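Visitor: The sequence shown begins at 9 in our numbering and counts up one residue at a time.
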Amino acid sequence: MSLTTDQKYWRKRIFVLTWLAYAGFYFGRKNLSVTWSSMEQDLGLDNSDYASIIFVYSLIYTIGQFVNGYLSDTFGPRKVVTVGLFLAAIGNLFLGMTFSAGVIVFLIALNGYGQSTGWSGLIKNMTPWFRRTERGIVMSWWSTCYVTGGFLATIFATYAAFDMEFLSELGWKRGFIFPSLILFVIAFLYLLFTRNNPEDVGLPKIVENKYEFEGGAKVEKLKILGVLLRNSSLWIYSSCYMILKMTRYAFLFWLPVYLEKALQYGVSDAGYMSSVYELIGFFGVILAGYSSDKIFNSNRFSTVSLMMIGLGLACLAHPYMVPYGKIATVISIALIGIATYGPDSLICTAGSMDVGGTKGAAMAAGIINGMGSVGQMFSGFIVVAINEYYGWNSLFYFFVIMSFIGGGLAALKWNQQSSD
Numbered sequence: 009m010s011l012t013t014d015q016k017y018w019r020k021r022i023f024v025l026t027w028l029a030y031a032g033f034y035f036g037r038k039n040l041s042v043t044w045s046s047m048e049q050d051l052g053l054d055n056s057d058y059a060s061i062i063f064v065y066s067l068i069y070t071i072g073q074f075v076n077g078y079l080s081d082t083f084g085p086r087k088v089v090t091v092g093l094f095l096a097a098i099g100n101l102f103l104g105m106t107f108s109a110g111v112i113v114f115l116i117a118l119n120g121y122g123q124s125t126g127w128s129g130l131i132k133n134m135t136p137w138f139r140r141t142e143r144g145i146v147m148s149w150w151s152t153c154y155v156t157g158g159f160l161a162t163i164f165a166t167y168a169a170f171d172m173e174f175l176s177e178l179g180w181k182r183g184f185i186f187p188s189l190i191l192f193v194i195a196f197l198y199l200l201f202t203r204n205n206p207e208d209v210g211l212p213k214i215v216e217n218k219y220e221f222e223g224g225a226k227v228e229k230l231k232i233l234g235v236l237l238r239n240s241s242l243w244i245y246s247s248c249y250m251i252l253k254m255t256r257y258a259f260l261f262w263l264p265v266y267l268e269k270a271l272q273y274g275v276s277d278a279g280y281m282s283s284v285y286e287l288i289g290f291f292g293v294i295l296a297g298y299s300s301d302k303i304f305n306s307n308r309f310s311t312v313s314l315m316m317i318g319l320g321l322a323c324l325a326h327p328y329m330v331p332y333g334k335i336a337t338v339i340s341i342a343l344i345g346i347a348t349y350g351p352d353s354l355i356c357t358a359g360s361m362d363v364g365g366t367k368g369a370a371m372a373a374g375i376i377n378g379m380g381s382v383g384q385m386f387s388g389f390i391v392v393a394i395n396e397y398y399g400w401n402s403l404f405y406f407f408v409i410m411s412f413i414g415g416g417l418a419a420l421k422w423n424q425q426s427s428d
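Structure below.
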């Protein structure tokens, strides 16, 4: 059925606002990794403290994923995501004003909860506006929000913390203060101009409900949750995403540290070079979306399997490319970014939407992203342990093994298609 002019307008509007909202979250997420080396020196901290801070952030983020998926399905994403954006902005603003490790942990936890509203809520926001057969491509473009957001946030935090002339006496603290101001602006834009679904603006439905149950809204939500928990696709997606998010957050938080301490690059070079991970990862997102819809007829698992195996091969090659210099290192980082972000985006967008439908999309996204965040939660300790006992190269070999496991799991449902 063709769409009306108003439906098309609102689809574009929701796409832009939700894209902007999630890209904005990264301005309160990437600054910690960029500024950590300077924070270490000023505050007398070390890598173990960093791993603990990341663990606290990830723990709150993980719990929040499960909670906020349900809240977004119940109260609507507009309210839940708006609160999250403001919490993340407030947490980052005060992180730029603190000198105490204990206060940092509290503010990181506040930021983590705010950040946890974003993914499940915004996936919920997008689901009623786009049909299954178009989600692979649409959501691949939408998923560039966290690739582009991560890249821009890394560049901006590096510039604000180290290269900006304004308020130079604040040093690294500017890497939290100025990104928080961007978050405040985005929070107001999202609150004022987004809506939950077509019916909220008097338009006909675009996507029919996947699940219909008797017994009222609360009973219906619990029944949908029960159906989701019995869906094997949900758990394979969740397992693969746990591996991918463990890998992605290891690179997001530790790549600048690795480049600076292991490869002896300067702090600015390390910050800018690490941004290539997200910048070129953008192309992996687009590749995954088009592959899923155009080559594999909206089957997500086949694309996930192939790209996770590719990720394993890219990690295997990395230690052998580093000795050839900065350009070879950047190329290696780019390949790993492509192979990480492709399946990552496909699972947590189109995959979540396919499994959950219009009424369960936030819960499905919350469960998948929540399970993924378990991997994120322990990634810092895994990095520290493997690095201290076996060296940085062994960390890449660890990711080879994990990526091959994920590729094998996804291959179990190679020919399966999801449906609304």
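Note that CB positions come from ideal geometry on N, CA and C, so glycine has one too. Predicted model, so just to flag it, every value in this text is computed and none were measured.
Is the Cβ-Cβ distance between PRO187 and SER41 less than 7 Å?
Guide: No, the Cβ-Cβ distance between PRO187 and SER41 is not below 7 Å.
Visitor: Which residues bound the alpha helix (DSSP H) around LEU199?
Guide: That run of the alpha helix (DSSP H) goes 182-201.
Visitor: For GLY179, I'd like the list of residues in its chain whose CB is within less than 6 Å of its CB, leaving aside the five on either flank, ordered along the chain.
Guide: Closer than 6 Å at the Cβ level, and outside the excluded window around GLY179, lies no residue.
Visitor: With 16 other CB atoms within 10 Å as the buried threshold, where does THR135 fall?
Guide: THR135 is buried by the Cβ-count criterion.
Visitor: How many Å lie between PHE114 and LEU260 at the Cα?
Guide: In a straight line, the C-alpha of PHE114 is about 21 Å away from that of LEU260.
Visitor: Please check the pair GLY183 and GLN123, which I expect to be a contact at CB under 8 Å, by giving their CB distance rounded to whole angstroms.
Guide: GLY183 to GLN123, Cβ: 17 Å. No contact.
Visitor: Tell me the start and end of each unbroken beta strand (DSSP E) in the segment 343-409 that is at least 3 residues and wholly inside, in chain order.
Guide: Listed in chain order, nothing qualifies, since the segment 343-409 has no complete beta strand (DSSP E) run of 3 or more residues.
Visitor: Please report the residue range of the alpha helix (DSSP H) in which ASN55 lies.
Guide: From DSSP, the alpha helix (DSSP H) with ASN55 extends over 55-83.
Visitor: When you compare each of LYS16, TYR17, ALA59, PHE23 to VAL392 by their alpha carbons, which one comes out closest?
Guide: Looking at the Cα atoms, ALA59 is the closest of the given residues.
Visitor: Which class does TRP27 belong to by DSSP, given the choice of helix, strand or coil?
Guide: In this structure, TRP27 counts as helix in the three-state DSSP scheme.
Visitor: Could you spell out the range, first to last residue, of the alpha helix (DSSP H) harbouring LYS5?
Guide: Residue 5 is absent from the structure shown; the chain starts at 9 and stops at 428.
Visitor: Closest by CA to LEU236, which one among ILE376, MET47, ILE131, ALA161?
Guide: Considering only alpha carbons, the answer is ILE376.
Visitor: Of all the options PHE386, VAL312, LEU267, TYR397, which has the alpha carbon lying nearest to the alpha carbon of ILE335?
Guide: Answer by Cα proximity: LEU267.
Visitor: If I measure Cβ to Cβ from LEU18 and keep anything under 8 Å in the same chain, skipping five residues before and after, which residues do I get?
Guide: Sequence inspection shows Trp at residue 18; the Leu mentioned does not correspond to that position. Answer for TRP18: TRP137, ARG203, PRO206, VAL209, LEU211, listed in chain order.
Visitor: If you run the structure through DSSP and keep just helix, strand and coil, what is PRO212?
Guide: PRO212 falls in the coil class under three-state DSSP.
Visitor: Using a 10 Å radius around the Cβ and a threshold of 16 neighbouring Cβ atoms, would you call PHE23 buried or exposed?
Guide: Buried, because 16 or more other Cβ atoms sit within 10 Å of the Cβ of PHE23.
Visitor: Around the C-beta of GLY72, are 16 or more other C-beta atoms found within 10 angstroms, so that it is buried, or is it exposed?
Guide: Result: buried.
Visitor: Is the separation between the beta-carbon of CYS248 and that of ALA418 shorter than 7 Å?
Guide: Result yes, Cβ atoms of CYS248 and ALA418 sit closer than 7 Å.
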